[in-house]
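Enquirer: Residue numbers (our numbering), protein chains in the order written: chain G, 1 to 155; chain C, 1001 to 1155. We treat Cβ as the ideally placed atom computed from N, Cα and C, and that holds for glycine. Nothing here was measured: the structure is a model prediction, and the numbers come from that model.
Number of protein chains: 2
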Amino acid sequence: MLRIGKLTDYGLVVLNQLALAAAVKQSTDDISQATGLTVATVRKVMKAIVDAGLVIAQRGSKGGYRIARAPAQISVLDVVQAFEGPISLTECSADDNQCEITESCSLSSNWTGINDLLLQVLGNITLDDIRNPDVQESLHHQIVDQLQRIQLVNL
Amino acid sequence: MLRIGKLTDYGLVVLNQLALAAAVKQSTDDISQATGLTVATVRKVMKAIVDAGLVIAQRGSKGGYRIARAPAQISVLDVVQAFEGPISLTECSADDNQCEITESCSLSSNWTGINDLLLQVLGNITLDDIRNPDVQESLHHQIVDQLQRIQLVNL
DNA sequence: TTTAATCAATACCAAACTGGTATCGATTGC
DNA sequence: GCAATCGATACCAGTTTGGTATTGATTAAA
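1. Under the DSSP definition of a beta bridge, which residues are partnered with Ala57 (chain G)?
2. Within this structure, are the beta carbons of Tyr65 (chain G) and Leu18 (chain G) separated by less than 8 Å?
3. Anything in the stretch 1002-1028 of chain C with a Cβ closer than 9 Å to a Cβ of chain G? List those residues in chain order, please.
4. Taking only three categories from DSSP, how would you classify Thr1112 (chain C)?
5. Quick check on Ile1049 (chain C) - is its C-beta less than 8 Å from some C-beta in chain G?
6. Within 10 Å of its beta-carbon, does Ala82 (chain G) have 16 or more other beta-carbons around it, so buried, or fewer, so exposed?
7. Assuming Ala19 (chain G) is part of the alpha helix (DSSP H), what are its boundary residues?
8. For Thr90 (chain G), is the classification buried or exposed, using 16 other Cβ atoms within 10 angstroms of its Cβ as the cut-off for buried?
9. Could you work out which residues of chain G lie near Leu1119 (chain C), taking near to mean beta carbons separated by less than 8 Å?
10. For a test of the three-state rule: what should DSSP assign to Gly1027 (chain C), helix, strand or coil?
11. Looking at Pro1086 (chain C) and Leu955 (chain C), is the spacing between their C-beta atoms short of 8 Å?
12. Is the beta carbon of Ala68 (chain G) closer than 8 Å to that of Ile56 (chain G)?
13. Quick test of your reading: Leu1054 (chain C) and Asp1078 (chain C), contact by CB under 8 Å. State the CB separation rounded to the nearest angstrom.
14. Check whether the Cβ atoms of Ile942 (chain C) and Leu1002 (chain C) lie closer than 8 Å to each other.
15. At which residues does the alpha helix (DSSP H) containing Leu1127 (chain C) begin and terminate?
16. Could you check whether Ile125 (chain G) and Ile1074 (chain C) sit closer than 8 Å to each other, using their CB atoms as the reference points?
17. Could you tell me whether any Cβ in chain G is nearer than 8 Å to the Cβ of Leu1077 (chain C)?
18. Three-state secondary structure (DSSP) at Ser106 (chain G)?
19. What residues are listed by DSSP as bridge partners for Ser1075 (chain C)?
20. To which residues of the same chain is Met46 (chain G) closer than 8 Å at the C-beta, ignoring the five residues directly before and after it?
21. Could you say which of G:Leu7, G:Leu122, G:Asp51 lies nearest to Thr1112 (chain C) if we only look at CA atoms?
22. Helix, strand or coil for Ile1049 (chain C) per DSSP?
23. CB-CB under 6 Å to Val1042 (chain C), same chain, minus the five flanking residues each way: which ones, in chain order?
Pasting the structure below:
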């Protein structure tokens, strides 16, 4: 249904939690308690965002996690890609392009364009935007402004 | 991975085929041969777009399908929704909102905003835009123009 | 150096979804 | 009545997803 997975959503929740105390390290247990997610689920979430470089982990006693960059430097696209891999609305626009009906399907390039547009939108919304409720009003304007500046090559 | 199902893609291909000869009725076999899709798959595709009112079916001998509106009156959003139901990126933004961690998850409204933006984008790209390769150049401008006029309530 | 705390890697499972196909019934024109 | 055509449904295998558990590696500190 054109939806993103729950884990991606959890990822955003966790990053939000880490951003609340960017300086201190928070353990899996800390995050679990703060967010209401189970420990096991938190572990799974952490793997994705650590691998993506959005969070820095320290092992061992007194270890924990801390956010790798300022929330304004982390886009929703970063988070989505951390969990769902490279975004491609259709297989046509995926890297390993293998459409069997390509002759009759000259529409793939257009999907690619829509895909690019979506990337631009998600890439221009930062974790900071999404965290702060006060920013919601101006966020709309930000997005529209950004879109004006977009240079879509293949649309 | 935030992707649209193959059936949705097929739907666009089939609608394109129907638009090529908007006046004449085309049977399942006709469409199958023209698109390269199997008859069984075409049947499944037709059900969705007929139910959505995008295509008109006539049963019985000499029956067939014809497109219900001009291609310029059919948006990509229409097609996507015909196959994937109402679009909601997260369960938070779905109608039956039942997020278990709502207290710690104040982000839902923002997902809703992104969701709305996506709806606007897809709703403003028509089948006509996507069919005609010559329009691709101006399509980009169209979208940006449309986005400028968007009034996003909850973003 | 031992220990306890903590992250890392992997594996597992059930449920849901997806793509693809088949079957039988209902309509309609000739 | 018959042949052509759409409609509804059901089925199945493969994949994905959400959720959980297990075992191993690392580190700080006693």
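Expert: Considering the structure as presented:
1. G:Tyr65
2. yes
3. Leu1002, Arg1003, Ile1004, Gly1005, Lys1006, Thr1008, Asp1009, Tyr1010, Leu1012, Val1013, Asn1016, Gln1017
4. helix
5. no
6. It is buried - the Cβ of Ala82 (chain G) has at least 16 other Cβ atoms within 10 Å.
7. 6-20
8. buried
9. None at all; the shortest Cβ gap to chain G is about 10 Å.
10. The identity of residue 1027 (chain C) in the sequence shown is Ser, whereas the question assumes Gly. Three-state result, Ser1027 (chain C): coil.
11. Outside the displayed span of chain C (1001 to 1155) sits residue 955 (chain C), for which this structure offers no information.
12. yes
13. 6 Å
14. Nothing can be reported for residue 942 (chain C), as the shown portion of chain C is limited to 1001 through 1155.
15. Taken as a continuous stretch (DSSP letters only), the alpha helix (DSSP H) holding Leu1127 (chain C) covers 1127-1131.
16. Contact: no.
17. no
18. In this predicted model, Ser106 (chain G) has a pLDDT of only 49, less than 50, meaning its place in the structure is not dependable; the value taken from the coordinates is given anyway. Here Ser106 (chain G) sits in coil by DSSP.
19. C:Thr1126
20. Val14, Thr28, Ile31, Val55, Ala57, Tyr65
21. G:Leu122
22. Here Ile1049 (chain C) sits in helix by DSSP.
23. Thr1028, Ile1031, Ser1032
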